[in-house]
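A.B. asks: The sequence shown: position 201 = 1067 (this note's numbering), numbered continuously.
Beta carbons are placed, not taken as given, at the ideal position from N, Cα and C, and that holds for glycine.
Here the structure is a predicted model, which is why all the values come from computation and not from measurement.
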Amino acid sequence: MRILVTNDDGIYSPGIAALARVARRYGEVRVVAPDVEQSAASHAVTAGRPVSYRPTPAFRDAEAYRVNGTPADCVALAVNRWENIDLVLSGVNLGLNIGNGIWHSGTVAAAKQAALLGIRAIAFSTPVGADEPDFEALEPHIASVVELLNGEDHPRLVNVNIPRAPVGMCWTRQYIGSYDGKVVPDTDPVGREIFWFTVVRVEEYESDTDIWAIENNYISITPLRLNLTDEPELEHLRARHPFDRA
Ligand code: MN
């Protein structure tokens, strides 16, 4: 199996090192990731300037390349330069990607880019607190998820969040309730107004959501789809405003 490993925290993040170590158990691994942090880059691609990549010796037993582009660029470039990739693994992100955060996530976008190109993909994220995640302790859980999702009827695009000390796994849906982003005004050292884009805690959520799983120490596994079309709304509009087609 050929496995491409990428992320949005940058190629020198400890999270991608852990993911590459796990990936190596299952096949030939190549790492192609941004040269600097691209968190919250979402699905941006670099247009209007060229992108290049350089080899880096940062990984044992895996070819690795740092790219001066976005997470989606990394996947597009890697698929162009390396044929027959079977699986793309993105992460492990330092920080959860659940609920509304999925819209902004570069980690999930890298997996989405793979799925758009017809390659199945899994995005991994874990929370950060006062200290860095214990990736050695997380590795067996990452491996369990890869094995679970690597079966015959494997899903195409999956978002996985692993809590600090998992008690089990559960299938979840993305939480879409109240938006948890917040804009906080502040002043810079010379008194000019600046703004922090930050996240507030969601207090109410359904028990089948990704947020519930993480709050209850379960590994959250959410299958995602690429098509954003609101199907019931489409049916409703078609019935209500039937346009005559020439
Ligand atoms: Mn990140």
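Please report the residue range of the alpha helix (DSSP H) in which Val945 lies.
C.D. replies: For the purposes of this step, residue 945 is taken as residue 79 along the sequence shown, with counting starting at 1. Pro937 to Arg947 is the span of the alpha helix (DSSP H), which, as asked, contains Val945.
A.B. asks: Would the C-beta of Asp939 count as close to the ligand MN, meaning under 7 angstroms from any of its heavy atoms?
C.D. replies: Counted from its first residue, the sequence shown places residue 939 at position 73. Asp939: no, Cβ never under 7 angstroms from the ligand MN.
A.B. asks: Are Glu1005 and Arg887 close, meaning C-beta to C-beta below 8 angstroms?
C.D. replies: One-based indexing of the sequence shown puts residue 1005 at position 139. One-based indexing of the sequence shown puts residue 887 at position 21. Their beta carbons are under 8 angstroms apart, which means Glu1005 touches Arg887 by this criterion.
A.B. asks: Answer yes or no: do Glu1070 and Gly1043 have a C-beta to C-beta separation smaller than 8 angstroms?
C.D. replies: For the purposes of this step, residue 1070 is taken as the residue at position 204 of the sequence shown. For the purposes of this step, residue 1043 is taken as the residue at position 177 of the sequence shown. A contact, by the Cβ cut-off of 8 angstroms.
A.B. asks: What does a CB cutoff of less than 8 angstroms around Val945 pick up in its chain, not counting 5 residues either side in sequence?
C.D. replies: Translated into positions along the sequence shown, residue 945 becomes position 79. Within the same chain, Val945 has close Cβ partners Leu870, Ile951, Ala980, Leu983 and Ile985.
A.B. asks: Could you check where the alpha helix (DSSP H) with Pro916 kicks off and where it finishes?
C.D. replies: Looking up residue 916 in the sequence shown gives position 50. Neither: Pro916 is in no alpha helix (DSSP H) and is coded neither H nor E.
A.B. asks: DSSP beta-bridge partners for Arg932?
C.D. replies: For the purposes of this step, residue 932 is taken as residue 66 along the sequence shown, with counting starting at 1. DSSP, once it has assigned bridges, lists Ala899 and Arg920 as partnering Arg932.
A.B. asks: Return the chain-ordered ranges of every alpha helix (DSSP H) run that is complete within the segment 1049-1096 and spans a minimum of 4 residues.
C.D. replies: Taking only runs of at least 4 residues, the alpha helix (DSSP H) segments lying wholly in the segment 1049-1096 are 1076-1081.
A.B. asks: Following the continuous alpha helix (DSSP H) through Val974, name the residue where it begins and the one where it ends.
C.D. replies: As a working mapping, residue 974 is identified with position 108 in the sequence shown. Here the alpha helix (DSSP H) through Val974 covers Gly972 to Leu982.
A.B. asks: At what residues does the alpha helix (DSSP H) containing Gly881 begin and finish?
C.D. replies: As a working note, residue 881 is residue 15 in the sequence shown. Per DSSP, Gly881 belongs to the alpha helix (DSSP H) from Pro880 to Ala889.
A.B. asks: Identify every residue that forms a DSSP beta bridge with Met867.
C.D. replies: Position 1 of the sequence shown, counted from the first residue, corresponds to residue 867. The partner list for Met867 (beta bridge, DSSP) is empty, contrary to what the question assumes.
A.B. asks: Just to confirm, does Gly965 get its C-beta within under 7 angstroms of one of the non-hydrogen atoms of the ligand MN?
C.D. replies: Within the sequence shown, residue 965 is the residue found at index 99, counting from 1. Outside the cutoff, so no.
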